[in-house]
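Below is one structure, written out as structure tokens; the observations come after it.
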Amino acid sequence: AQTVTQSQPEMSVQEAETVTLSCTYDTSESDYYLFWYKQPPSRQMILVIRQEAYKQQNATENRFSVNFQKAAKSFSLKISDSQLGDAAMYFCAYSLPGAQKLVFGQGTRLTINP
Amino acid sequence: DSGVTQTPKHLITATGQRVTLRCSPRSGDLSVYWYQQSLDQGLQFLIQYYNGEERAKGNILERFSAQQFPDLHSELNLSSLELGDSALYFCASSVEGRARPQYFGPGTRLLVL
Chain A
299 AQTVTQSQPE MSVQEAETVT LSCTYDTSES DYYLFWYKQP PSRQMILVIR
349 QEAYKQQNAT ENRFSVNFQK AAKSFSLKIS DSQLGDAAMY FCAYSLPGAQ
399 KLVFGQGTRL TINP
Chain B
348 DSGVTQTPKH LITATGQRVT LRCSPRSGDL SVYWYQQSLD QGLQFLIQYY
398 NGEERAKGNI LERFSAQQFP DLHSELNLSS LELGDSALYF CASSVEGRAR
448 PQYFGPGTRL LVL
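Going down the list, the protein sequences come from chains A and B.
All residue numbers for the first sequence refer to the numbering used here, where the first residue is 299 and numbers rise by one.
All residue numbers for the second sequence refer to the numbering used here, where the first residue is 348 and numbers rise by one.
In structure tokens form, the structure reads like this:
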């Protein structure tokens, strides 16, 4: 069974600084997808970024980028120029190709210090 | 706004009761997923429907059931409720195809007293 592990229950960063959230996963598949979702205090789940395992290039979305290390089964999220609105729970998630269920990590609570 | 709607937003009920949570997917999305978020279990997949048919089942209790209707909206029925069923229930939807992400609704917060 696939598992996703986020080893940092909480992280904090100064506004405008850069922070990296860690995620590792376990799978025997070679083709899969990885996602980061953000859950602000409103509890809405918001897609931040996604990565296809067969693509070597790391995904980027504005201030958000990932470091995807397939051999190490690692998928970290880097947030540059942190903003107060980035404060949230961040969940790493895995899925197989096609319309498949998401397997989530336990989440990392990110605090932004002004 | 993800385009996925869920009703009601909040639900307070008593143990032993039955409730129905409703979800309308984004326009064009044929897949609907239900997830439960609780403090002790985290975010867990419950069940998936695709174009009216059950496609995958996760950690869904026998007291829970779901269906997807011809207009693609979905309902999650929770019966014989227990205190431990208190959680945030999310619906998500997606289209078929590679790398298609799931978009989540705002969730229904269920409190069983």
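Just so you know, even glycine gets a beta-carbon here, dropped at the ideal spot from N, CA and C.
Small disclaimer: the values here were computed from a predicted structure and weren't measured.
7 Å Cβ cutoff, residue i in contact with chain A
{"i": "B/Pro448", "result": "yes"}
{"i": "B/Gly375", "result": "no"}
{"i": "B/Leu393", "result": "no"}
{"i": "B/Phe411", "result": "no"}
{"i": "B/Gly363", "result": "no"}
{"i": "B/Gly431", "result": "no"}
{"i": "B/Pro372", "result": "no"}
{"i": "B/Gly399", "result": "no"}
{"i": "B/Ala434", "result": "no"}
{"i": "B/Pro453", "result": "yes"}
Rounded C-alpha distance that separates residue i from residue j
{"i": "B/Phe416", "j": "A/Ser380", "result": "43 Å"}
{"i": "B/Phe437", "j": "B/Gln383", "result": "6 Å"}
{"i": "B/Ser421", "j": "B/Ser374", "result": "13 Å"}
{"i": "A/Phe362", "j": "A/Lys376", "result": "6 Å"}
{"i": "B/Arg410", "j": "B/Leu425", "result": "6 Å"}
{"i": "A/Lys368", "j": "A/Tyr330", "result": "11 Å"}
{"i": "B/Asp432", "j": "A/Thr325", "result": "30 Å"}
{"i": "B/Tyr380", "j": "B/Gly399", "result": "12 Å"}
{"i": "A/Val311", "j": "A/Gly383", "result": "12 Å"}
{"i": "A/Thr322", "j": "A/Ala351", "result": "13 Å"}
{"i": "A/Ile410", "j": "A/Val317", "result": "10 Å"}
{"i": "A/Thr358", "j": "B/Thr352", "result": "28 Å"}
{"i": "A/Leu408", "j": "A/Ser378", "result": "13 Å"}
{"i": "B/Leu365", "j": "A/Glu313", "result": "Correcting the residue identity first, residue 365 of chain B is Arg in this sequence and not Leu. Their backbone Cα atoms lie some 46 Å apart in a straight line."}
Supposed close pair residue i, residue j - CB separation, criterion 8 Å
{"i": "B/Leu377", "j": "B/Leu419", "result": "7 Å"}
{"i": "A/Phe373", "j": "A/Gln349", "result": "7 Å"}
{"i": "B/Leu393", "j": "B/Gly405", "result": "5 Å"}
{"i": "A/Pro338", "j": "A/Ala386", "result": "4 Å"}
{"i": "A/Met343", "j": "B/Phe451", "result": "4 Å"}
{"i": "B/Thr455", "j": "B/Leu386", "result": "Not really, about 16 Å apart at Cβ, beyond 8 Å."}
Within-7 Å CB hit, residue i to chain B
{"i": "A/Gln404", "result": "yes"}
{"i": "A/Lys399", "result": "yes"}
Reduced DSSP secondary structure (H/G/I, E/B, other) of residue i
{"i": "A/Asp324", "result": "strand"}
{"i": "B/Leu358", "result": "strand"}
{"i": "A/Leu382", "result": "helix"}
{"i": "B/Gly431", "result": "helix"}
{"i": "A/Val311", "result": "strand"}
{"i": "A/Glu359", "result": "strand"}
{"i": "A/Val364", "result": "strand"}
{"i": "B/Ser349", "result": "coil"}
{"i": "A/Lys336", "result": "strand"}
{"i": "B/Ile407", "result": "coil"}
{"i": "A/Ala369", "result": "coil"}
{"i": "B/Gly454", "result": "coil"}
{"i": "B/Phe416", "result": "coil"}
{"i": "A/Asn411", "result": "strand"}
{"i": "A/Thr316", "result": "coil"}
{"i": "A/Met387", "result": "strand"}
{"i": "A/Tyr330", "result": "coil"}
Residues that residue i contacts on chain C, provided the C-beta gap is smaller than 8 Å
{"i": "B/Phe437", "result": "In the structure shown, chain C does not exist; the protein chains are A and B."}
Query raised in the report: Going along the stretch 340-372 of chain A in order, which residues come within less than 7 Å of chain B, judged by CB to CB distance?
Result: Arg341, Gln342, Met343, Leu345, Arg348 and Glu350
**Report entry** Positions along the stretch 375-390 of chain B whose CB lies within less than 7 Å of some CB in chain A
**Finding:** Ser378, Tyr380, Gly389 and Leu390
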